[in-house]
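Chemist: Before we start, here is the structure in question, set down as structure tokens.
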Amino acid sequence: MENTLKTHHRLLLTGAAGGLGTALRERLKGNCEVLRLSDKAGLGAAQSGEETVRADLSSADEVDAMVAGCNAIVHMGGISVEAPFASILQANIVGAYNLYEAARKHGVRRVVFASSNHVTGFYKQSETIHADHPARPDGFYGLSKAFGEDLARLYFDRHGIETACVRIGSSFPEPKDRRMLATWLSFDDLHRLITACLSTPVLGHSIVFGMSNNAVTWWDNSRARHVGFVAKDTSDVFREAVFARTSAPDLSDPAAIYQGGGFVKAGPF
Ligand code: NAI
Ligand code: 15L
Numbered sequence: 304m305e306n307t308l309k310t311h312h313r314l315l316l317t318g319a320a321g322g323l324g325t326a327l328r329e330r331l332k333g334n335c336e337v338l339r340l341s342d343k344a345g346l347g348a349a350q351s352g353e354e355t356v357r358a359d360l361s362s363a364d365e366v367d368a369m370v371a372g373c374n375a376i377v378h379m380g381g382i383s384v385e386a387p388f389a390s391i392l393q394a395n396i397v398g399a400y401n402l403y404e405a406a407r408k409h410g411v412r413r414v415v416f417a418s419s420n421h422v423t424g425f426y427k428q429s430e431t432i433h434a435d436h437p438a439r440p441d442g443f444y445g446l447s448k449a450f451g452e453d454l455a456r457l458y459f460d461r462h463g464i465e466t467a468c469v470r471i472g473s474s475f476p477e478p479k480d481r482r483m484l485a486t487w488l489s490f491d492d493l494h495r496l497i498t499a500c501l502s503t504p505v506l507g508h509s510i511v512f513g514m515s516n517n518a519v520t521w522w523d524n525s526r527a528r529h530v531g532f533v534a535k536d537t538s539d540v541f542r543e544a545v546f547a548r549t550s551a552p553d554l555s556d557p558a559a560i561y562q563g564g565g566f567v568k569a570g571p572f
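Residues in the sequence shown are numbered consecutively from 304, following this note's numbering.
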């Protein structure tokens with residue numbers, strides 16, 4: 304593992320039982336003295352340098368206790384796919400509000416928010432967009448992440464809490480299909496990106512696309528140069544294998560037209 308600056312004493316990781324939370328659990332220990340892990344699901348026993356706090360994001364009291372004593376937050380918790388609005392509302396919208404209110408009350412100054420490429424899922428795969436393009440959510444899930452980004456901006460403008468809204472592409476061990484050749488973010492690059500967000504001297508309210516150094520890309524991170532993220536991995540090494548096991552896309556299918564892929568037609572409505 305690369306050397307990482309321990310920028311914060313107690314760092315909170317929400318969603319710690321999930322796919323990315325599990326990938327970050329070891330990696331983030333280098334960023335802090337104490338890593339507080341939280342989820343509504345079980346986290347197992349706390350290891351050396353860890354604390355665990357069970358909390359449901361929709362409960363203001365539980366979130367308050369989860370945040371108390373922390374110096375920075377990496378917010379990965381919440382529903383991570385399209386779902387009925389009532390569920391998204393509690394986990395992602397009320398949950399984000401509870402988190403920022405607790406951050407304000409407890410003096411947390413910096414947050415890394417797991418936003419998503421589905422904030423802009425209705426741009427075409429033939430377009431290149433940057434952070435200043437208007438949101439075009441592709442479902443209730445993407446809409447909730449757009450809310451989270453705006454909420455973060457409000458708490459920055461009113462209270463000075465800095466946030467990196469990281470619009471994660473597809474963060475898995477390997478790209479699963481041809482679309483993910485453009486959207487893939489390796490776990491190590493995700494950690495590099497979070498480390499950059501935690502350690503850059505001035506973060507402000509920033510929007511960063513979370514992607515590795517992929518040859519095919521739809522996103523321009525030039526407005527986030529101040530974050531200092533340099534990706535070291537690339538999906539290019541998987542291209543041949545992905546092409547061999549997948550067929551050419553049907554170019555009349557919205558999933559092949561829009562950046563959000565299958566999310567643009569997923570869900571309850
Ligand atoms: P995941 O679904 O594996 O993990 C999410 C975690 O949040 C789960 O452990 C779940 O128990 C927890 N959670 C859900 N509702 C909760 C609630 N009400 N209270 C407390 N905890 C709750 O998702 P994954 O892949 O680990 O993603 C992490 C974050 O990154 C999510 O916010 C997701 O939206 C975002 N993201 C992930 C991408 C990816 O490619 N993995 C792409 C774009 C965004
Ligand atoms: C997301 O936002 C999801 O959390 C993740 O499961 C992936 O599906 C990813 O986007 C994607 O667009 O590939």
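Ideal Cβ placement from N, Cα and C applies to all residues, glycine included.
Between the alpha carbons of Glu465 and Gly507, how many angstroms are there, rounded?
Modeler: If you take the alpha carbons of Glu465 and Gly507, they lie about 5 Å apart.
Chemist: Less than 8 Å separating the beta-carbons of Tyr426 and Gln562?
Modeler: Contact flag set, yes.
Chemist: Please indicate yes or no: does the CB of Asn401 lie closer than 7 Å to some heavy atom of the ligand NAI?
Modeler: It does not: the Cβ of Asn401 is nowhere closer than 7 Å to a heavy atom of the ligand NAI.
Chemist: Across the region 522-539 and the region 482-495, are there enough close Cβ pairs to call them in contact, namely three or more that are closer than 8 Å?
Modeler: Flag = yes, the region 522-539 and the region 482-495 touch.
Chemist: If you run the structure through DSSP and keep just helix, strand and coil, what is Phe566?
Modeler: Note: Phe566 maps to helix in three-state DSSP.
Chemist: Please list, in chain order, all residues of the same chain as Thr307 whose beta carbon is under 6 Å from its beta carbon, the five residues on each side excluded.
Modeler: Closer than 6 Å at the Cβ level, and outside the excluded window around Thr307, lie Gly333, Asn334 and Thr498.
Chemist: List, from N- to C-terminal side, the alpha helix (DSSP H) runs of 4 residues or more that fit wholly inside the region 439-512.
Modeler: Complete alpha helix (DSSP H) runs here, min 4: 443-462, 483-486 and 490-502.
Chemist: Would the beta-carbon of Met369 be found less than 7 Å away from any heavy atom of the ligand 15L?
Modeler: No, the ligand 15L has no heavy atom inside 7 Å of this Cβ.
Chemist: Whole beta strand (DSSP E) runs in the region 316-362 with 3 or more residues, listed along the chain?
Modeler: Fully enclosed beta strand (DSSP E) runs of 3 or longer: 335-342 and 353-357.
Chemist: For Ile376, which of helix, strand or coil comes out of DSSP?
Modeler: DSSP places Ile376 in strand when its eight states are reduced to three.
Chemist: Could you check what DSSP says for His421 in three-state terms: helix, strand or coil?
Modeler: Reduced to three states, the DSSP call for His421 is helix.
Chemist: Can you name, in chain order, every residue of its own chain whose Cβ lies under 6 Å from the Cβ of Gly570, other than the five neighbours on each side?
Modeler: Same-chain partners within the cutoff: Glu385 and Gly442.
Chemist: Exposed or buried, His462, counting other C-beta atoms within 10 Å across all chains shown (16 or more means buried)?
Modeler: Exposed, since its Cβ has fewer than 16 Cβ neighbours within 10 Å.
Chemist: Evaluate Arg548 with the Cβ neighbour count: other Cβ atoms within 10 Å of its Cβ, from every protein chain shown; 16 or more gives buried, anything less gives exposed.
Modeler: Under this definition Arg548 is an exposed residue.
Chemist: Here's the rule I'm using: 16 or more other beta-carbon atoms within 10 Å means buried, otherwise exposed. How should Ser525 be labelled?
Modeler: Ser525 should be labelled exposed.
Chemist: Only counting the same chain, and skipping five residues up and downstream in sequence, which positions put a Cβ closer than 8 Å to that of Phe388?
Modeler: Cβ neighbours of Phe388 beyond the five flanking positions: Phe443 and Pro571.
Chemist: Within 7 Å: the Cβ of Met483 and any heavy atom of the ligand 15L?
Modeler: Met483 Cβ: within cutoff of the ligand 15L.
Chemist: Give the range of the alpha helix (DSSP H) segment to which Pro437 is assigned.
Modeler: Per DSSP, Pro437 belongs to no alpha helix (DSSP H) and is neither H nor E.
Chemist: Are there three or more Cβ pairs, one per stretch, closer than 8 Å when the region 351-371 is compared with the region 416-432?
Modeler: Result no; under three Cβ-Cβ pairs closer than 8 Å.
Chemist: Let me know the secondary structure DSSP gives Asp539 once reduced to three states.
Modeler: Residue state, collapsed to three classes: helix.
Chemist: Measure from the alpha carbon of Leu407 to the alpha carbon of each residue in Ala375, Pro504, Leu327 and Trp522, then state which is nearest.
Modeler: As written in the sequence, residue 407 is Arg, which differs from the Leu given in the question. Checked all of Ala375, Pro504, Leu327 and Trp522; the closest Cα to Arg407 is Ala375.
Chemist: Which residue wins for smallest C-alpha separation from Glu354, given the options Thr317, Ser361 and Ser383?
Modeler: Per the Cα distances, Thr317.
Chemist: At a threshold of 7 Å, does Gln393 count as lining the ligand NAI (C-beta to nearest heavy atom)?
Modeler: Yes, since a heavy atom of the ligand NAI falls inside the 7 Å radius drawn around the Cβ of Gln393.
Chemist: Which of the three DSSP states is assigned to Tyr400 in this structure?
Modeler: Reduced to three states, the DSSP call for Tyr400 is helix.
Chemist: Secondary structure at Phe388, three-state DSSP: helix, strand or coil?
Modeler: Residue state, collapsed to three classes: helix.
Chemist: Compute the distance between the beta-carbons of Cys373 and Arg439, then report whether it is under 8 Å.
Modeler: Not closer than 8 Å, so no.
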